[in-house]
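Numbering (this note's numbering), first residue to last: 6 to 704. The C-beta atom is built at its ideal place from N, Cα and C for all residues, glycine as well. Since we're looking at a predicted model, the values are computed, not measured.
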Ligand SMILES: [Fe+2]
Ligand SMILES: [Fe+2]
């Protein structure tokens with residue numbers, strides 16, 4: 006039974022391609038969730054079954070499917086059309102394989118930075134995006150395969166796949182729903198863990214088996230198996246995913262376990278449906294008439310404008326073509342019998358000869374792959390009209406999939422004050438009112454950061470340095486060192502002042518990396534500059550090792566001072582009486598700007614450089630002296646002075662990310678972009694006087 010939320014005929018429902026493309030947007034903030042009833046209905050459609058039983062079942066099923074597809078490809082090989090099936094299989098798998106692992110993209114959030122499960126998920130995700138290297142995600146590996154097969158014209162960014170008419174709706178169903186869920190981790194955490202585990206258990210997508218056996222060396226097949234590790238020193242990803250699922254089920258109790266089962270069972274069901282439909286499509290595509298029918302259907306509307314004066318078998322060609330928009334079979338039959346076709350002999354047919362030649366009336370109307378499709382169809386046509394008439398048209402017809410939405414209503418309230426904003430923005434979910442608050446907050450903060458920018462304080466130079474930022478970075482490091490040496494004669498702060506200043510840093514430092522949280526988006530995390538930002542975020546949170554997690558190290562440092570704060574995301578934390586209101590100003594800016602990795606990309610790049618450079622060589626070393634003086638742990642400042650270093654550390658990466666960004670700008674745009682980067686740099690410590698705040702309010 007087709008559930009009421011999944012319909013092919015409701016014009017108000019969203020095409021599944023639209024759902025997919027929207028979920029690819031790193032700034033999509035779909036709350037209240039217009040698709041939630043549809044997604045819940047999809048999850049509920051599948052009977053529950055325990056993961057313990059389903060795990061082996063998925064592996065067995067996937068192995069059997071690979072065998073089935075392998076046999077289909079062997080048959081196609083014997084018919085001379087394995088290449089067609091490889092191309093179609095690559096397209097059918099593209100929406101899922103191009104974003105392999107992306108459903109984990111928002112599972113870490115400032116509110117759970119210190120939690121083992123979210124860090125375990127981040128470790129899985131970091132491997133999926135190939136942290137540390139640009140264009141090294143599992144999806145990037147898939148893009149290379151598509152490029153090799155010359156089917157990548159709509160493949161990048163992945164949202165563009167939604168415009169590829171060669172990809173059936175069914176191929177978007179699983180990734181569209183998984184990615185939509187990924188933008189609501191607060192609702193679907195268990196389900197996402199379950200579906201992720203299912204996909205890793207399944208391994209390489211079965212339709213790709215015939216491609217892998219024919220092209221074993223043109224793709225990174227290890228990367229294309231989400232169950233495998235990316236490097237030889239790691240355990241298989243599926244084992245990590247099992248461990249995370251077990252820990253989540255244990256921590257969240259029966260409802261958590263049920264959510265995992267639900268996500269797993271749904272993904273298994275969706276995989277099976279999709280594989281069946283893809284098998285039918287590939288099987289049908291062995292018949293040359295199948296792709297020819299697709300081609301005619303896709304071009305008939307446009308063609309009907311040019312063929313008004315021709316009459317074929319007593320009927321205007323325009324009418325044949327209009328009909329072919331929905332049913333191309335009758336038109337194909339008359340075309341096969343027409344003068345421009347020599348059945349069985351594409352080389353002698355004027356459709357692909359004279360008409361498409363340089364001087365012909367249809368020059369360049371078809372790209373090469375379409376000409377191949379037409380030639381293949383002509384070559385397969387029997388010369389005998391009776392035999393042609395007896396041919397059965399290809400029966401496979403892909404289904405259209407739409408998801409019903411509910412009207413979105415703005416029910417949430419904006420944060421009442423700074424402290425409430427801090428708590429609200431701890432989570433990825435955001436009401437429209439909170440989103441507006443965040444946007445306004447960032448705009449005001451940046452206006453303040455621009456105020457008097459050229460007149461004072463350490464700032465980025467007025468022009469981008471010709472040789473890049475690295476030499477400037479070393480100069481700044483020297484200055485920090487000079488300041489540190491200069492301060493050696495100055496008395497250290499009192500013990501009580503050290504404790505209080507550490508405490509006031511808590512709202513900021515316990516969300517270390519939050520300004521980069523937008524760069525956990527799967528696609529941004531693997532770009533040339535985004536990979537620097539994601540890896541920095543990944544380092545701040547300890548690379549999956551809790552003893553290296555900066556927020557946890559800082560929390561331990563506070564405990565060392567006798568301060569035991571509530572969980573950062575709790576309202577009690579924001580209400581902590583010993584924390585000043587001002588101590589929430591900067592972290593709320595971090596939390597807010599992190600929501601807009603594209604809108605404020607230039608500013609985030611500048612802020613990131615300021616942040617990573619701020620203590621290196623100077624204030625971290627000074628802080629170390631103060632902490633040591635009173636017997637407190639220095640781990641937090643020690644680790645930052647090394648990991649943020651200006652040669653190979655975070656501040657170097659921050660500079661490289663900016664240099665790379667600038668090289669991609671058009672010459673006329675560079676000055677404006679540089680100003681935005683400078684503003685971002687200054688936004689770590691903007692002026693706070695009356696006139697600066699007035700300028701911000703006016704902005
Ligand atoms: Fe850090
Ligand atoms: Fe850092």
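Alpha carbons only, please: which of the options is nearest the one belonging to residue i?
i	options	result
residue 309	327, 611, 381 and 595	327
residue 373	366, 331 and 361	361
residue 666	647, 534, 551 and 363	534
residue 148	163, 138, 261 and 51	163
residue 139	528, 655 and 346	528
residue 204	242, 223 and 236	242
residue 700	439, 450 and 431	450
residue 494	421, 439, 630 and 545	630
residue 651	482, 641 and 51	482
residue 249	130, 101 and 599	130
residue 245	199, 157 and 623	199
residue 513	135, 561 and 592	592
residue 615	367, 363, 499 and 688	688
Is any heavy atom of ligand 1 found at a distance shorter than 8 Å from the C-beta of residue i?
i	result
residue 191	no
residue 609	no
residue 281	no
residue 516	no
residue 545	yes
residue 555	yes
residue 645	yes
residue 265	no
residue 44	no
residue 648	yes
If we call anything under 9 Å between Cβ atoms a contact, is residue i one with residue j?
i	j	result
residue 538	residue 609	yes
residue 611	residue 555	no
residue 108	residue 197	yes
residue 714	residue 557	Residue 714 cannot be examined here, being either before or after the span of the chain that is shown, 6 to 704.
residue 33	residue 188	yes
residue 597	residue 503	no
residue 621	residue 649	yes
residue 286	residue 97	yes
residue 401	residue 336	no
residue 570	residue 121	no
residue 679	residue 465	yes
residue 419	residue 433	no
residue 297	residue 226	no
residue 201	residue 51	no
residue 568	residue 653	no
residue 697	residue 489	no
Which whole-angstrom value is the C-beta distance of residue i and residue j, which I expect to be below 8 Å?
i	j	result
residue 424	residue 692	That belief does not hold up - the Cβ atoms of residue 424 and residue 692 are roughly 23 Å apart, past 8 Å.
residue 145	residue 531	6 Å
residue 406	residue 175	7 Å
residue 221	residue 94	So it is not a contact: roughly 15 Å between Cβ atoms.
residue 410	residue 167	17 Å between Cβ atoms; not a contact.
residue 655	residue 617	4 Å
residue 387	residue 393	5 Å
residue 633	residue 492	Rounded, the Cβ-Cβ distance is 15 Å, inconsistent with contact.
residue 458	residue 277	No, residue 458 and residue 277 are not in contact; Cβ-Cβ is about 59 Å, not under 8 Å.
residue 253	residue 25	Their Cβ separation, rounded to whole angstroms, is 26 Å, which puts residue 253 and residue 25 out of contact at 8 Å.
residue 318	residue 334	Incorrect: roughly 14 Å between the Cβ atoms, too far for contact.
residue 526	residue 602	7 Å
residue 428	residue 579	5 Å
Looking at residue i and ligand 2, is the gap between the Cβ and the nearest heavy atom below 8 Å?
i	result
residue 663	no
residue 536	no
residue 299	no
residue 222	no
residue 128	no
residue 655	yes
residue 743	What is shown of the chain runs 6 to 704, which leaves residue 743 out entirely.
residue 541	yes
(request) Please determine if the stretch 290-305 and the stretch 271-282 are in contact, where contact requires at least 3 C-beta pairs separated by less than 8 Å. (result) no
(message) Does the stretch 66-82 come into contact with the stretch 184-202, if we say contact requires no fewer than three beta-carbon pairs (one atom in each stretch) closer than 8 Å?
(response) no
(message) Whether or not the stretch 111-120 and the stretch 80-98 are in contact is what I'm after, with contact meaning three or more pairs of Cβ atoms, one per stretch, closer than 8 Å; do they touch?
(response) no
(message) Check whether the stretch 220-231 and the stretch 200-208 are in contact - that is, three or more C-beta pairs closer than 8 Å.
(response) yes
(message) Whether or not the stretch 647-661 and the stretch 573-591 are in contact is what I'm after, with contact meaning three or more pairs of Cβ atoms, one per stretch, closer than 8 Å; do they touch?
(response) no
(message) With three or more C-beta pairs closer than 8 Å as the rule, is the stretch 311-328 touching the stretch 350-360?
(response) no
(message) I'd like to know if the stretch 50-70 and the stretch 259-275 are in contact, where contact means that at least 3 CB-CB pairs between them fall below 8 Å.
(response) yes
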